[in-house]
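Under my numbering, think of the first position of the sequence shown as 1168, with each following residue one higher. All C-beta atoms, glycine included, are put in the ideal place defined by N, C-alpha and C.
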Amino acid sequence: MIKPGGENVYPAEVEKVILDHPSVEQTMVFGVPDPKWKEGIKAVCVLKSGRTLTEKKLIEFVGSRIAGYKKPRYVQFVESLPETSDGIDREAVKSRYGGEQQCTNQ
1168 MIKPGGENVY PAEVEKVILD HPSVEQTMVF GVPDPKWKEG IKAVCVLKSG RTLTEKKLIE
1228 FVGSRIAGYK KPRYVQFVES LPETSDGIDR EAVKSRYGGE QQCTNQ
């Protein structure tokens, strides 16, 4: 669970909405340190082949479908996500992409 500003956000709920976007192939959502909200929501996404998408457009897409406090503040597009036999390696993603953040949308 992620707690931006004291609210409860389940990563799976945000991931489901992101995966509804026609350009997104894979995603993982997790909490990262945030100077304003204590914990921010970050989405690391793999786009479908030949597709393009901006961080801002993805944040707007998510914000139009669920509560605004649940939308990611940070978005990073990558070529692939590390996987285990059970799916995305959540610990490896957090380790690799959970460092210092630059807020995409305040």
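Taking every protein chain shown into account, the CB of Tyr1177 has fewer than 16 other CB atoms within 10 angstroms, so this residue is exposed.
Residue state for Lys1170 is assigned as coil, using DSSP reduced to three classes. Counting every other CB atom within 10 Å of its CB across the protein chains shown gives Glu1180 a total below 16, marking it as exposed. Ranked by Cα distance from Leu1225, the options Gly1265, Ser1190, Asp1256 are led by Ser1190. Look at Tyr1236 here: in three-state DSSP terms it is helix. With a beta-carbon spacing of about 20 Å, Ile1169 and Glu1227 fall beyond the 8 Å limit used to define contacts. Distance from the Cα of Val1184 is smallest, within the candidate group Ile1233, Lys1209, Val1211, Val1213, for Ile1233. Our two residues, Ser1231 and Ser1252, have alpha carbons roughly 34 Å apart in a direct line. Separation of Gly1265 and Arg1240 (C-alpha to C-alpha, rounded to the nearest whole angstrom) is 13 Å.
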